[in-house]
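Asker: Quick note, the sequences are listed as chains R and L, same order. Using UniProt numbering, the letters of the first sequence map in sequence onto residues 1 to 725. Using UniProt numbering, the letters of the second sequence map in sequence onto residues 1 to 725.
Number of protein chains: 2
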Amino acid sequence: MAQPSSVAVADTLPAETRTALQRLFDPRSIAIVGASTSPTKRGFQAVRALQQAGYAHPVYPVNPKATEILGLEVVPSIDGLPYGVDVALIALPGAAVPDALRHCAAVGIAGAVVLANGFKETGDSGAELDAALARAIAETGIRVIGPNTSGMLNVSTGANLVGLQDVPTGPISVVTQSGNMLLSLVNDNRALKGPGFHAYIGLGNQADVRYDECVAELARDTRTGAVAIHSEGFADGRAFLVAAASAVQDKPVVMLRGGRSDVGRRTALSHTGSIAGSDAVATAVLRQAGVELVDRSDELAVVAGAMATTAPIASGRKVAILSDGGGHATLAADALTARGIELAQISERTQQVLRDLLGGPASVVNPVDVAGATDADPTVFADAVDALMSDPAVGLVLIVGLYGGYHLRFDASLTAAEDATADRLLELTTAHRVPLLVQSCYAGDIVSNHDRLRAGGVPVINSIDHAVRVVAALDRRGRRLATASQRSSLTLPAPAPRAAAGTGILDEPTARALVEDAGVDIGGWTFARTVDEVVTAVTGYGRPCALKIVSPQVIHKSDVGGVKLNVVGAGAAENAQAIIDAVTENVRGAVIDGIVVTPMADHGVELLVGATHDPIFGPVVAFGSGGVMVEALEDVTFRAAPFTEIEAHEMIDETIASRMLDGYRHLSVIDRTALARFLVRVGDIVAAHPEISELDLNPVIASKTGIVPVDVRIVLSDTHSGAHA
Amino acid sequence: MAQPSSVAVADTLPAETRTALQRLFDPRSIAIVGASTSPTKRGFQAVRALQQAGYAHPVYPVNPKATEILGLEVVPSIDGLPYGVDVALIALPGAAVPDALRHCAAVGIAGAVVLANGFKETGDSGAELDAALARAIAETGIRVIGPNTSGMLNVSTGANLVGLQDVPTGPISVVTQSGNMLLSLVNDNRALKGPGFHAYIGLGNQADVRYDECVAELARDTRTGAVAIHSEGFADGRAFLVAAASAVQDKPVVMLRGGRSDVGRRTALSHTGSIAGSDAVATAVLRQAGVELVDRSDELAVVAGAMATTAPIASGRKVAILSDGGGHATLAADALTARGIELAQISERTQQVLRDLLGGPASVVNPVDVAGATDADPTVFADAVDALMSDPAVGLVLIVGLYGGYHLRFDASLTAAEDATADRLLELTTAHRVPLLVQSCYAGDIVSNHDRLRAGGVPVINSIDHAVRVVAALDRRGRRLATASQRSSLTLPAPAPRAAAGTGILDEPTARALVEDAGVDIGGWTFARTVDEVVTAVTGYGRPCALKIVSPQVIHKSDVGGVKLNVVGAGAAENAQAIIDAVTENVRGAVIDGIVVTPMADHGVELLVGATHDPIFGPVVAFGSGGVMVEALEDVTFRAAPFTEIEAHEMIDETIASRMLDGYRHLSVIDRTALARFLVRVGDIVAAHPEISELDLNPVIASKTGIVPVDVRIVLSDTHSGAHA
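#1: Pop quiz: A31 of chain L and L161 of chain L are said to be a contact at Cβ under 8 Å. What is the actual Cβ separation, rounded to whole angstroms?
#2: From P39 of chain L to Y406 of chain R, what does the alpha carbon distance come to, in whole angstroms?
#3: Who are the Cβ neighbours of G273 of chain L in its own chain at under 6 Å, not counting the five residues just before and after it?
#4: Which chain R residues sit within Cβ distance under 8 Å of I313 of chain L?
#5: Grab the span of the alpha helix (DSSP H) containing N586 of chain L for me, first residue to last.
#6: Specify the secondary structure class of N154 of chain R as computed by DSSP and reduced to three states.
#7: In three-state terms, what does DSSP make of A191 of chain R?
#8: From L:G126, L:L322 and L:V155, pick the residue whose C-alpha is nearest to that of Q52 of chain L; which is it?
#9: Might you give, ordered along the chain, the residues of its own chain that have their beta carbon closer than 8 Å to the beta carbon of G663 of chain L, omitting 5 neighbours on each side?
#10: Kindly say whether G401 of chain R, judged by its beta-carbon, lies nearer than 8 Å to any beta-carbon of chain A.
#11: Label V9 of chain L either buried or exposed according to how many other C-beta atoms from any shown protein chain fall within 10 Å of its C-beta, with 16 as the threshold for buried.
#12: Buried or exposed for K193 of chain R, going by 16 or more other Cβ atoms inside 10 Å?
#13: With a threshold of 7 Å on Cβ separation, who are the neighbours of T12 of chain L within its own chain once the five nearest residues in sequence on each side are excluded?
#14: May I ask you to report which of helix, strand or coil DSSP gives M651 of chain R?
#15: Suppose you measure from the CA of R452 of chain R to the CA of D324 of chain R; what does that come to, to the nearest Å?
#16: Which of the three DSSP states is assigned to P98 of chain R in this structure?
#17: For H230 of chain L, does the three-state DSSP call read helix, strand or coil?
#18: Helix, strand or coil for C678 of chain R? Go by DSSP, reduced to three states.
#19: Decide if the stretch 616–635 of chain R is in contact with the stretch 532–552 of chain R; the criterion is three or more beta carbon pairs, one per stretch, under 8 Å apart.
#20: Which residues in chain L have a C-beta closer than 9 Å to the C-beta of E232 of chain R? List them in chain order.
#21: Leaving out five residues on either side along the sequence, give the residues of the same chain with a beta carbon under 7 Å from the beta carbon of T421 of chain L.
#22: Give the residues of chain R in contact with T655 of chain L, contact being defined as C-beta atoms less than 8 Å apart.
#23: By DSSP's criteria, L115 of chain R is part of a beta bridge. Which residues make up the other side?
#24: Please list, in chain order, the residues of the stretch 433–453 of chain R that have any C-beta partner in chain L closer than 7 Å.
#25: Is there a C-beta anywhere in chain R that falls below 8 Å from the one on N462 of chain L?
#26: Return helix, strand or coil for I142 of chain L, following the three-state DSSP convention.
#27: Just reading off the alpha helix (DSSP H) that M255 of chain L is part of, what are its end residues?
#28: Tell me which residue opens and which closes the beta strand (DSSP E) that residue 741 of chain L is part of.
#29: Following the continuous beta strand (DSSP E) through G170 of chain L, name the residue where it begins and the one where it ends.
#30: Is the beta carbon of A582 of chain L sitting closer than 8 Å to the one on V560 of chain L?
#31: Short of 6 Å in beta carbon distance, which residues of its chain neighbour D696 of chain R, apart from the five on each side in sequence? Order them along the chain.
#32: State the Cα-Cα distance for the pair R677 of chain R and R487 of chain R, rounded to the nearest angstrom.
#33: Give the DSSP-derived three-state secondary structure of H407 of chain L in the structure shown.
#34: Would you call the CB atoms of I592 of chain L and S551 of chain L closer than 8 Å?
#35: For the beta strand (DSSP E) that N566 of chain L lies in, which residues bound it at each end?
#36: Beta carbon of residue 771 of chain R, beta carbon of I346 of chain R: below 8 Å?
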């Protein structure tokens, strides 16, 4: 006998003040469009999944033929739904989707989850359907998750539109394009005994709802402790950067990227229709936005789970290792060092406390090794942690080794002592406000004291490498939160009026003037229109100069004799004339506008500085080593523009080039602040001028006299309206 | 009532033909010296552990006071033991150990496991005891494992001298200095459902038995499938290299190194008294010896377990990925690419077979994604694997995604089909002789088809990253086995007679002559003893030359005006005289032997080539990028000398410098074979001349005209008798 659903009693749901996206992610009523009476059909399983998950709000199966599904009264058509249902799960074939969405919008449905595939991920064959879908979304304003998605899941409320059962409730929220990745995460979380999940959004093709909106919405959600993202590419990378940079102020955002290699990218394109750009650019700018990128798929669950429950390391404080095995202590110290994480220098006083506590064989410098002092009485661990957390140098205590397994290794009678120690550790981490992390080779066993720690928000992890990876994330987050006010929001300024008409390559004087007008000191230069002006300029500089032809017909200046280097006053006239003659002879019909005169750069560090308009992330600045090894080294990193001075310093620090700035060999010390400001201004230029598709200052010579670009080259484009515009 | 042990019936055990080490590692009789009646004492637990492990051979508790322990008759003293017991476990305080060893040796005991600590790992305080131990070993010849060890374990026979229970029997043999590492490995193996263990040797302080002997012995042992090593340093690194290079012909050797960072090294020294040298040298030469080095502690169990049961990838063949989820396929392809492992280019024919099998939505290029084609019938997986293994390009099939979990994800009725598929996969991997590896996010669940695969030697792994790490190891092993005959045994030749008397820096002509005599072409050079001879030499070369002073009093030649570059015939006399005058003026009492004249090197790639006598590994050659960025780049790798041409090619390929050899920018193409041979000969020199502590050819200019060292500098030392000598 069908239970009367609310259809029978009201044709409008209560008035709703939430946004469409809030209603979509946390629905208080759900329609299953394409509900089925056949247990093998998704339209049946969807209804069953909601019931099994204990979803407490109205569910409306929609089917023109059936009358009852799993005890629920069936609505014959979308039009028959009460007005204002929050979400429709569309379990219809692709071709029927656009029309269904229009009907959903007409009855006030906020959002739809579209399961069907056969859209853009199939290439040309799905293009027409994809266009129809896009039109339906644009014309109705309904918010759509999918198509080609595994669904959506709100574990906390039981709004299970995925069908996966027994997902534990907890603070991790997941956004991905791949349903299997959710499955992996759930299994990884189980193996890790991690803290469980709040929301899952399977974005599929991202026809409407995209990563940026999800991350923004989930960061605002109090039940989310951390957002875990798996992505194979962004429809709008800049929007994601802006959303992430804001979201990470509230919640950690952890991301695993697929399609980073060429072969992986090809695979990703074939199954999600994603746009995947340069891995190096994406890695750099996502880090800039504060996203915690994991390189390994087995790190996503553990890092997101730990970050969801564990406080970051306070900026300026360092890590203390407490070990009950020298082998583990050494491996943990190695792994931390490999990630550039420093161990805390613990005070003499703390060392004395530990020495009194642990006795002779123990090592009381960090890493602290109890060396058997806890074998008979594991409660000593808590005393040692207390001592370490009392030390102001210590920002996190990492316990490694056999911790919590003494009752298995030595004697079952130690169980109570280990349980009590766990309780005390939770008190200590709260009282000292110093986070605690436990690595134990018994983490995979059923150990009650570990479970107590986990329930209290202290991760207990089996792998030293995973534990250290979590430490790195907590360390980075602490530093980021401390410097939040000094960072870019990554929003782009309103486009400035065009500096120059047309497209193509600007002539060098125009390019130099544009860069200089933006406040970048590029050193002395003169645009000489005659041979006499060249002579005057060279003589004026009083040192060897470079002469370069300016002609709209000449692009590769050196190839046609258009460049002379190390020209001194006495040879200026002769060299200028030689350039003019050579270009006239080599380039038929060349119009010669003049010659750019610049003093030769001092001996210094050759740097690569440039900017491009990245198709995914918008304007980005590149920085790295210049000079002869530039292609062999590939020492280059990126920042999305506009960016700030602290971000420029971090950019510099990432490169091998940075090792040559502080008085390397016979080179002078370079003013890092001046270099950082130079990069910031280059970023400001490309951020303010969306028409600039390329700005090339390569090479830039940094010396004690300044930061001087040898060349300034700007390419304009009319097609600058990238996804971010 | 005490059971009569064989003490009662014989005072000599049967005659033994095995070596002392074989008897030690696989004892057929064991004495527990320091056996105890107190259950909390190790001397009691040791007896109990042997009984619990089902050790079937005689056990002799030794204790002057007790008469019976756990039903065994107690022998009052070591002297009372029957002659020829294989192994004594010495559970006595450190001070009593040397004397006990002498008594053991007197009654024909082959080896002892010494648990006590307080030896060299405690620094000065243990030095005296350490010396006494060394004397007892040297004078008696008894083989000793330890001291400061957790013990030794032969799982196959139940010779459990560690006390750890429930270690599963299998093919992994473990050598480590840290007992806790064994615990970690056992727990990791359980979590991985790995293949289990054969032998464990806890080396402790390595007072006698060392890593090299263990690896050699275990590689010969038919019950060992792979040797897993955790090490914090070698007492004799060269001996280990030689043993490993030989052992890897038979068995994979997988190693995790602790103490790689400075802080980790400090920790290691404090608890095992190890010598830990340069991480970069150790990494390079251990790889050269064929050791599979893992960088993460969570990789040791999984890589050793998989290598113990899985065949390597045949050289020249590549990897095929078979996935049932695009997300996993992409991540696996990314991870393989990041490790430099190529995907197989599968043939048109194979693609057609797969297309027929999997239908439209599937991707039939590698990575192959079944895209739902197996959901209803997982046996299709076996057909797809059959197709892939039939393709001659394919050397390994890696299945990734949900494999084996369909009966959990979709319908329990699929269990039988999945079990049958597992059986068929085992048949296929045997029939095609192509190894199979499975990654599944259900690997941590209880899944019968996975257990069947594991029992058949196919690893089923949860982490994509771990699975790919295993692929890398199997790929490397396949290539190594195919090139085994072209590799160095790493044994050092008998020392050659000294080329020059004394110690210190050789003068440049002598150094050049030594290098040239060894068959290294270092380009033209002349030792001119007069200004006239300089003029003749420069004129003879007919191109600009470098002039360098030769004087025993001058070390830093440039600093005292002892070098002139780009000298042509016309300026030769003047420049030579200028050098002589400058040195005479700047270095009081300088004896001027003459001037070395060399033609200036052509424009080319600047390379770093040098050799040193490493304190751990003996003679090693360094190669990398030279030039201005050398310290910033740290682009340098190493090989233990003597090495072969293929090893030199691999050495070159590891460096960034190698990217500049094939016509980089305006540079000419460098003859890689000539460069490889150059490096081999440099290696031969330092291998044959143990008195050379340093050989520096830096920089070497490689150009189309040859491989020319700009300088040749040799430092001799009397203290060359390193551990390997």
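Built from N, CA and C at the ideal position, the CB exists for glycine as well.
Answerer: On the basis of the coordinates in this document:
#1: Numbered from its first residue, the second sequence carries residue 31 of chain L at position 31. Numbered from its first residue, the second sequence carries residue 161 of chain L at position 161. Contact flag wrong, Cβ pair sits at about 11 Å.
#2: Start at 1 with the first residue of the second sequence, and residue 39 of chain L comes out as number 39. Start at 1 with the first residue of the first sequence, and residue 406 of chain R comes out as number 406. Rounded to whole angstroms, P39 of chain L to Y406 of chain R spans 17 Å at the Cα level.
#3: Residue mapping note: residue 273 of chain L aligns to position 273 of the second sequence, counting from 1. Because G273 of chain L sits at a pLDDT of 49, beneath the cut-off of 50, its placement in the model cannot be relied upon, and the point is left open.
#4: Taking the first residue of the second sequence as position 1, residue 313 of chain L is located at position 313. By Cβ distance, chain R contributes nothing, its closest Cβ being about 18 Å from I313 of chain L, past 8 Å.
#5: The residue you call residue 586 of chain L lines up with position 586 of the second sequence. Element bounds for N586 of chain L: A572 to N586.
#6: Walking along the first sequence from the start, residue 154 of chain R turns up at place 154. When secondary structure is reduced to three states using DSSP, N154 of chain R falls in the strand class.
#7: Start at 1 with the first residue of the first sequence, and residue 191 of chain R comes out as number 191. Correct three-state label for A191 of chain R: helix.
#8: For this step, residue 52 of chain L is matched to residue 52 along the second sequence. For the residues L:G126, L:L322 and L:V155, the minimum Cα distance to Q52 of chain L belongs to L:V155.
#9: For the purposes of this step, residue 663 of chain L is taken as residue 663 along the second sequence, with counting starting at 1. Cβ within range, chain order: V669.
#10: Annotation note: the requested chain A is absent from the structure, which comprises protein chains R and L.
#11: Reading the second sequence from its first residue, position 9 is the one you call residue 9 of chain L. Note on V9 of chain L: pLDDT 44, under 50, position unreliable in the model; no value is reported.
#12: On the first sequence, residue 193 of chain R is found 193 positions in, with the first residue counted as 1. Residue burial annotation: K193 of chain R is buried, with at least 16 other C-beta atoms found within 10 angstroms of its C-beta.
#13: The sequence position of residue 12 of chain L within the second sequence is 12, counting from 1. For T12 of chain L, the CB contacts under 7 Å within the same chain, skipping 5 residues up- and downstream, are P82, Y83 and G84 in chain order.
#14: Walking along the first sequence from the start, residue 651 of chain R turns up at place 651. Here M651 of chain R sits in helix by DSSP.
#15: In the first sequence, the residue the question calls residue 452 of chain R occupies position 452. In the first sequence, the residue the question calls residue 324 of chain R occupies position 324. Approximately 20 Å between the Cα atoms of the pair.
#16: Numbered from 1 along the first sequence, position 98 holds the residue referred to as residue 98 of chain R. DSSP, reduced to helix, strand and coil, places P98 of chain R within a helical segment of the structure shown.
#17: As a position in the second sequence, residue 230 of chain L is number 230, starting the count at 1. Here H230 of chain L sits in strand by DSSP.
#18: For this step, residue 678 of chain R is matched to residue 678 along the first sequence. The residue you asked about is not Cys; residue 678 of chain R is Phe in the sequence shown. For F678 of chain R, the three-state secondary structure derived from DSSP is helix.
#19: With a cut-off of 8 Å, the stretch 532–552 of chain R and the stretch 616–635 of chain R do not count as touching, because too few Cβ pairs lie within range.
#20: Residue 232 of chain R sits at position 232 when you count from the first residue of the first sequence. Going along chain L in sequence order, the residues near E232 of chain R (Cβ under 9 Å) are G326, G327 and T330.
#21: Taking the first residue of the second sequence as position 1, residue 421 of chain L is located at position 421. Excluding five sequence positions before and after T421 of chain L, the CB atoms of its chain that fall closer than 7 Å to its own CB belong to P378, T379, F381, A382 and N449, given in chain order.
#22: As a working note, residue 655 of chain L is residue 655 in the second sequence. Chain R residues near T655 of chain L: none, gap ~10 Å exceeds 8 Å.
#23: Taking the first sequence and counting its residues from 1, one reaches residue 115 of chain R at position 115. Within the DSSP bridge table, the entry for L115 of chain R names no partner.
#24: Listed by position along the chain: C441, Y442 and G444.
#25: Along the second sequence, one-based indexing puts residue 462 of chain L at 462. For N462 of chain L, the answer is yes, since a Cβ of chain R falls inside 8 Å of its Cβ.
#26: For the purposes of this step, residue 142 of chain L is identified with residue 142 of the second sequence, where counting begins at 1. Of the three classes helix, strand and coil, the one that applies to I142 of chain L here is coil, per DSSP.
#27: Position 255 of the second sequence, counting from 1, holds the residue named residue 255 of chain L. Where M255 of chain L is concerned, there is no enclosing alpha helix (DSSP H), although the beta strand (DSSP E) it sits in stretches over V253 to R257.
#28: Shown here, chain L extends from 1 to 725; a query on residue 741 of chain L therefore has no answer.
#29: Taking the first residue of the second sequence as position 1, residue 170 of chain L is located at position 170. T169 to T176 is the span of the beta strand (DSSP E), which, as asked, contains G170 of chain L.
#30: Stepping through the second sequence from its first residue, residue 582 of chain L is reached at position 582. Stepping through the second sequence from its first residue, residue 560 of chain L is reached at position 560. Between A582 of chain L and V560 of chain L, the gap from beta carbon to beta carbon is short of 8 Å.
#31: Locating residue 696 of chain R in the first sequence gives position 696, where the first residue counts as 1. Non-local C-beta neighbours of D696 of chain R in its own chain, meaning closer than 6 Å and more than five positions away in sequence, comprise G610 and R713, ordered along the chain.
#32: For the purposes of this step, residue 677 of chain R is identified with residue 677 of the first sequence, where counting begins at 1. For the purposes of this step, residue 487 of chain R is identified with residue 487 of the first sequence, where counting begins at 1. When the Cα atoms are used, R677 of chain R and R487 of chain R turn out to be separated by approximately 14 Å.
#33: Sequence index remark: in the second sequence, residue 407 of chain L carries index 407 (1-based). DSSP places H407 of chain L in helix when its eight states are reduced to three.
#34: If you number the second sequence from 1, residue 592 of chain L lands on position 592. If you number the second sequence from 1, residue 551 of chain L lands on position 551. Yes.
#35: Along the second sequence, one-based indexing puts residue 566 of chain L at 566. Here the beta strand (DSSP E) through N566 of chain L covers V563 to V567.
#36: Residue 771 of chain R lies beyond the stretch modelled for chain R, which goes from 1 to 725, so this question has no answer here.
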